[in-house]
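Visitor: After the structure tokens below, expect a handful of questions from me.
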């Protein structure tokens, strides 16, 4: 008999947590009714075999609601099983992985898993190879793949018994013509038919190393995911369900069972998202705006912002899991130690948590006959109508004053968490969900209203049931002959079609997010990011969406996992607890006025370099990883004081030139060293020392990297030619002094792929810049450059002194702030390290509310709007006893790769006014993430980020002469109508060598 077309209409949502398995049966056609279409719900303990718990929950709901399996259109499951396998470093569930890079000569200095914790790298990485292949940013090939080379690697992988393989190609996410990853995967599958092959472009977007990391984790849990998903499907056969089975992703959308078996990493962090989506569903009809969801459990409270488009706000560009950095999107959630099981201590003052009795709440808390005072006990005493446990057991436990203190502390903790996650000081609706929501008050400051919807205790299961289908398209395209709007239309249509193909109902699909990012130094190139989403289409073939009964590649059940030969027992990787670095006792190694850089020093210098980058210079992360690897291989990084140079010493210089977007995808080959090698074929004397062209950003490590290389093996100078980051070579202190011109000739540039440009002579430094930038566009938009050396005497006159020391001190300040949980005042600490309050100031604290970008002459110009807000997360008392932001109004930061100025907007017209200039170049303006103290580069500015804007006085090498202010000030950026006024008095950075020399 053929079923009626609308017979299958019900959706089941199941959330398999570590403690409980929650379920709900939902009728979407009745979602707008008072009952929300919720026909049944059930909560039961998670079982040792999760499929038993799923079976119990669904069967209980069927029995209570008298529902037939034939009425169910879909089942959606949310689970933490896959992410737990990684977090717990479970050797029985993580497979060895082989990594095949299609990169040509690039990325060889940063091999796979180089930035992983040692135990995770040993546990997972089984083989790696760097082969021909990869694309430039414009789609041209670095080199084509070599099938014979790939087959040779397959033989090596086969000999090691590895069954999971990752293929990662340079710029593969934009490869829609060459299809290098796909072609390589087909060759591997033909050679190794029993293996799983993961193409990195299917996992994440631009960001070579981070995408590869995510792909490796995905490959490592494939076999376990297949077995787990198959076991999850077992109850459905028993219960008579014949419908599609989906799994929730971390962005609030769904994967088919087959999709989850191929891409299990996309289920990571889906739990908080399910709660947020479920809460929004329960409040549907009452809200049509962004809403703050507060999920209170037994141990923690998770707070996240659900945007007006129905999707949770995501974290910044990078996320981290088990110490592994990825560019895989995760929901932006703040967790605090507050829950129903939080331990309450009636000391003076009264405290709540962060420790909790968690799952033992019904055994150990007072209202259930235990002997531990918890937040639930206090709530039962203060809310007499609450039907939880035996209220008589807590009668009189707290005094009236203690009851009031308890309620006030819960309220303030929640208000702080909510304020941190808000994107403006305006009030916002707050939805309370979770079993611990009973401890929350009915009113919260900063909330336009507080809602505690019915069925909130199973909001996570509801979120799974209502999850949508979504696809993101991230691509780079040329705007030379087609406008941005035309490309948006094409990319949007591509996203819509891919969403429909993923299982969405065509009539429901819409574009919910889009962004355009012009690429620096690349003519007519823009990165387009578009997300489309739609409702699940129940008319799709049911059997096609089920995971096959059997599939090749890996174990099929738990016992096989335990006995697989290529796993290493987890106990092998049980590391002894290492002694934590004492940040206050640590001393850098300085002997005979030579500073020998350690990994700790390098880490701090890296943090400081990006902060001194003033928004530009590119992230120094990959450069840090490379230099750290060199240190571990025995390289020695030496730094000397600029005043210790001899007058006839030769101080060379070099660094990367090009687009930061290209830099995060096409990791360095040997272009820096090749440029130096070619330069010294025409320079009469070799360099005796190296110096960084700019301390800001990735090039801040360039001088040390070159100096420590086996080719040069010379010391680096503690200084640079900018004291920050600037977009052009003529914005350097040797040009400011103008003692000879041009200073940057001869010069050489290499793309690392066999192409070199050498300019023996030039008419001016500005002409050097124009010619090299023109060549840059034809050389892959990211190159290594080498500048002619200058004498030691010239260096001592021109150098911005001790900027490596300054970076080190800034990085140490950030590390200390994190250790002390005082990131809230990290900007003030940085100022103290850079000369004190007279040398810098906190210019603003708030949230980014708008970003505009445009490309002109290869540079990205733009504006960042920041609304004042309290970013500290604590109370700022006022005369009324309330709290309010420390900064009020809106500022604008215009930028040309780097930040140019901080302008307070006029209250009436929004026009820039002379009196409203809070800071302007050449003074340093840097934007810091208020959550972790790290610098945020201009490519990373995005709506909703909570930030601190820091201003530091520029070096007197820029400000002591009219020429310096002309070259580095507002006029050089086209802001002729604004006058430079110093924000403070420059204080020369304190030398690490002077302070810590063991001979002093």
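Residue numbers (our numbering): 14 to 1013. Virtual Cβ for every residue (Gly too), placed ideally from N, Cα, C.
1. Would you identify the three-state DSSP class for residue 94, choosing helix, strand or coil?
2. Report the option in 674, 361, 657, 315 whose CA atom is closest to the CA atom of residue 222.
3. Should residue 258 and residue 234 be called a contact, given that it needs their Cβ atoms to be closer than 9 angstroms?
4. Do the CB positions of residue 730 and residue 757 come within less than 9 angstroms of each other?
5. So residue 475 and residue 248 are supposed to be a Cβ contact under 8 angstroms. How far apart are they, rounded?
6. Thinking C-beta only, is residue 206 closer than 9 angstroms to residue 335?
7. For residue 866, which three-state DSSP category applies?
8. Which whole-angstrom value describes the C-beta separation of residue 692 and residue 830, a residue pair presumed to lie in contact below a C-beta threshold of 8 angstroms?
9. Taking its Cβ as the centre, do 16 or more other Cβ atoms sit within 10 Å of residue 46, making it buried, or is it exposed?
10. Taking the Cβ atom as the reference point for each residue, do residue 817 and residue 965 lie within a distance shorter than 9 angstroms?
11. Assign residue 608 to one of three DSSP states: helix, strand, or coil.
12. What's the call for residue 387, buried or exposed, on a 16-neighbour Cβ count within 10 Å?
13. Whole angstroms are fine: how far does the CA of residue 655 sit from the CA of residue 849?
14. Where does residue 407 fall in DSSP's three states?
15. With C-beta atoms as the reference, is residue 119 less than 9 angstroms away from residue 183?
16. Can you list, in chain order, the residues of its chain whose CB lies under 7 angstroms from that of residue 484, leaving out five sequence neighbours each side?
17. Measuring only the C-alpha atoms, how far is residue 30 from residue 52?
18. Quick check on residue 877: does DSSP put it in helix, strand or coil?
19. Once you ignore the five residues that flank residue 789 on each side, which residues in its own chain have a CB closer than 7 angstroms to its CB?
20. Check whether the segment 358-366 touches the segment 406-424, counting contact only when three or more Cβ pairs, one atom from each stretch, lie closer than 8 angstroms.
21. Suppose you measure from the CA of residue 1027 to the CA of residue 821; what does that come to, to the nearest Å?
22. Buried or exposed for residue 739, please, with buried defined as at least 16 other CB atoms from any protein chain shown within 10 angstroms of its CB.
23. Thinking just about the alpha-carbon of each residue, which of 168, 174, 152 is nearest to the one in residue 139?
24. Count Cβ pairs between the segment 619-626 and the segment 706-715 that sit closer than 8 angstroms; are there 3 or more?
25. In chain order, what are the residue ranges of uninterrupted alpha helix (DSSP H) at least 4 long that sit wholly in the segment 609-646?
26. Run through the DSSP bridge pairs and tell me what residue 58 is partnered with.
27. Do you know how far the Cα of residue 667 is from the Cα of residue 703?
28. Might you give, ordered along the chain, the residues of its own chain that have their beta carbon closer than 6 angstroms to the beta carbon of residue 971, omitting 5 neighbours on each side?
29. Could you tell me which uninterrupted beta strand (DSSP E) segments, each at least 3 residues in length, are contained entirely in the segment 909-968, listed from first to last along the chain?
30. Considering only the beta carbon of each residue, do residue 462 and residue 442 sit closer than 9 angstroms?
31. State buried or exposed for residue 695, treating a residue as buried only when at least 16 other CB atoms are found within 10 Å of its CB.
32. Check residue 150 in the structure and name its three-state DSSP category.
33. Apply the 10 Å Cβ neighbour rule to residue 176 and answer buried if 16 or more other Cβ atoms are within range, or exposed otherwise.
34. Please return the same chain residues whose Cβ sits closer than 8 angstroms to the Cβ of residue 635, not counting the five positions on each side in sequence.
35. If you follow the alpha helix (DSSP H) that residue 523 is part of, which residue opens it and which one closes it?
36. Go to residue 666, then tell me how far its beta strand (DSSP E) extends in each direction, as first and last residue.
Guide: Working from what's here:
1. When DSSP states are grouped into helix, strand and coil, residue 94 belongs to the helix group.
2. Residue 222 has its Cα closest to that of 674, out of 674, 361, 657, 315.
3. Here residue 258 is not near residue 234, since their CB atoms are 9 angstroms or more apart.
4. With respect to residue 757, residue 730 sits apart: the two C-beta atoms are not nearer than 9 angstroms.
5. Actually they do not touch by this definition, with Cβ atoms about 20 angstroms apart.
6. Contact: no.
7. Strand, per DSSP.
8. Beta-carbon to beta-carbon, residue 692 and residue 830 are separated by about 41 angstroms, too far to satisfy the 8 angstroms threshold.
9. Sixteen is the threshold: since fewer than 16 other Cβ atoms of the shown chains lie within 10 Å of the Cβ of residue 46, the residue is exposed.
10. Result no, Cβ atoms of residue 817 and residue 965 do not sit closer than 9 angstroms.
11. Three-state DSSP puts residue 608 in a strand.
12. Buried, since its Cβ has 16 or more Cβ neighbours within 10 Å.
13. Roughly 23 angstroms separates the two Cα atoms.
14. It is helical.
15. Yes. Within cutoff.
16. Closer than 7 angstroms at Cβ, skipping near neighbours: 508, 511, 512, 515, 545.
17. Straight-line spacing of the CA atoms in residue 30 and residue 52 works out to 22 angstroms.
18. Three-state DSSP puts residue 877 in a strand.
19. The residues are 534, 670, 671, 796.
20. The segment 358-366, when compared against the segment 406-424, does touch it at the 8 angstroms Cβ threshold.
21. Only positions 14 to 1013 of the chain appear in this structure, which leaves residue 1027 out of reach.
22. Residue 739 should be labelled buried.
23. Cα-wise, what sits closest to residue 139 is 174.
24. Touching, per the Cβ criterion.
25. Correct list: 612-625, 634-645.
26. Residue 58 pairs with 33.
27. Distance between the alpha carbons of residue 703 and residue 667 is about 8 angstroms.
28. Same-chain partners within the cutoff: 935, 977, 981.
29. Secondary structure in the segment 909-968: the beta strand (DSSP E) runs of 3 residues or longer, each lying completely within the stretch, are 914-917, 930-933, 937-942, 959-965 in chain order.
30. Taking 9 angstroms as the Cβ cut-off, residue 462 and residue 442 qualify as a contacting pair.
31. Taking all protein chains shown into account, residue 695 has fewer than 16 neighbouring C-beta atoms within 10 Å of its C-beta and is therefore exposed.
32. Here residue 150 carries a coil assignment [DSSP, helix/strand/coil].
33. Buried, by the Cβ-count rule.
34. Excluding residues within five positions, the ones whose Cβ falls inside 8 angstroms are 123, 222, 676, 677, 680, 681, 711.
35. For residue 523, there is no enclosing alpha helix (DSSP H); the residue is part of the beta strand (DSSP E) that begins and ends at 523-531.
36. Run containing residue 666: 663-671, per the beta strand (DSSP E) assignment.
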